[in-house]
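What follows is the structure, encoded as structure tokens:
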């Protein structure tokens, strides 16, 4: 399966595109993405589609600094749940180490390494797309995002020793100089950031020692292993797509960056089908939603992706042997005892 990224990887894309005179929706459609889907930051989408989109947008806007401009929209929250833990790490070294070890939780395309030698620390950024693609914009977005993370820890006045890119310089380096200062270099042997290793031992000013243990416990409960299976990915996408009313094998395949046959083949190897996972996910969610008396059954039908409450009612009776209302009443009586 091709690597995926969270939709948060496109944070600021719509705003930046419009500010440069672009209509983002047609560009996103060209790569199989939907602007409306960006509202759900934890949805996983094709990394290759995102990389291709950035290149198309840079060309359409005639701005070679498109990816770097997007990095200026980055916030800690763009990293997802791991951002809550990073804020409470005691120092920069610990925070970066955690961020890189669990990189797969927010971006499967990124492969970043941190090394130290002769008093210098180097963050090297690599991209694994599963196919040959031009990725200048994605690289500059990634390096710019790491630069912003370091600024968040070390303060707005911090400056790296050098910011390196393997590609040649753009015709106009104004944005690069504004973001990185005079330390940016092009045509180097790697993409990344070089700074004093002593900066890694700087205390994290955002950290609250009393919250650190709670943050770690929370993260350990939600941490996803690197070897997440295809059925796991499909279940996550089904849960995200159900409330949109567009939960189909075609939409899931598009989000994974493959065709529907590939999804079917991987699921079959695990003894699953798309229908079985869809139904199992609905059963699990239905138990949670119906048990919550504050949700109406009509609302639950929408959340589970049914076209009408009557369709939800028939499905629920088939699965649970009673109506949703009866199930809710029985659950309430059990809770009282």
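Residue numbers (our numbering): 1 to 337. C-beta: ideal position from N, C-alpha, C; glycine also. Computed from a predicted structure; not experimentally measured.
Setting aside the 5 residues that flank it on each side, residue 201 is surrounded in the same chain by 91, 92 and 93, each with a C-beta closer than 8 Å to its C-beta; the list follows chain order. In this structure the region 45-61 does not lie against the region 145-155, because fewer than three pairs of beta carbons, one per stretch, are closer than 8 Å. In this structure the region 108-118 lies against the region 3-15, because at least three pairs of beta carbons, one per stretch, are closer than 8 Å. Take the alpha-carbon of residue 297 and the one of residue 285: they are about 13 Å apart. In the structure shown, residue 62 adopts coil according to DSSP, grouped into three states. The Cβ neighbour count for residue 137, taken over all protein chains shown within 10 Å, is at least 16; the residue is labelled buried. DSSP links residue 160 through a beta bridge to no other residue. Non-local beta-carbon contacts of residue 283 in its own chain, meaning distances under 7 Å to residues more than five positions away in sequence, involve 319 in chain order. Take the alpha-carbon of residue 263 and the one of residue 329: they are about 39 Å apart. In terms of Cα proximity to residue 49, the closest of 42, 29 and 66 is 29.
The Cβ-Cβ distance between residue 133 and residue 51 falls below 8 Å. Beta-bridge partners assigned by DSSP to residue 186: 165.
Our two residues, residue 210 and residue 73, have alpha carbons roughly 30 Å apart in a direct line. Counting along the chain, residue 114 sits inside the beta strand (DSSP E) bounded by residues 110-117. Just measuring C-alpha positions, the residue of 56, 231, 160 and 75 sitting nearest residue 12 is 75. Rounded to whole angstroms, the gap between the alpha carbons of residue 125 and residue 195 is 14 Å.
Taking 8 Å as the upper bound for CB-CB distance, residue 187 and residue 203 are not in contact here, some 36 Å apart. By the neighbour-count criterion, in which a residue is buried when 16 or more other Cβ atoms sit within 10 angstroms of its Cβ, residue 206 is exposed.
Sequence-distant partners of residue 31 (beyond 5 residues in either direction) whose C-beta falls short of 6 Å from its own C-beta, in its chain, are 49, 52 and 53. Just measuring C-alpha positions, the residue of 258, 240 and 142 sitting nearest residue 127 is 142.
Distance between residue 144 and residue 155, taken at the CA atoms: about 15 Å.
According to the DSSP assignment, residue 87 belongs to no beta strand (DSSP E), since it is labelled neither H nor E. Under the DSSP assignment, residue 39 falls outside any alpha helix (DSSP H); it carries neither an H nor an E label. With contacts defined as CB atoms closer than 8 Å, residue 69 and residue 10 fail to qualify as a contacting pair. By a beta-carbon distance limit of 8 Å, residue 231 contacts residue 270. Their separation comes to about 5 Å.
Apart from the 5 residues on each side of it in sequence, residue 266 sits with its Cβ closer than 6 Å to the Cβ of 230 in its chain, given in chain order. As for any alpha helix (DSSP H) of minimum length 4 sitting wholly inside the region 224-268, the runs are 230-241 and 249-256, ordered along the chain.
8 Å or more divides the Cβ of residue 161 from the Cβ of residue 243.
Residue 124 is bridged by DSSP to 113 and 192. Straight-line measurement puts the Cα of residue 277 at about 8 Å from the Cα of residue 234.
Residue burial annotation: residue 164 is buried, with at least 16 other C-beta atoms found within 10 angstroms of its C-beta. Rounded to the nearest angstrom, the Cβ distance from residue 253 to residue 259 is 6 Å, consistent with a contact under 8 Å. By a beta-carbon distance limit of 8 Å, residue 331 contacts residue 291. Their separation comes to about 5 Å.
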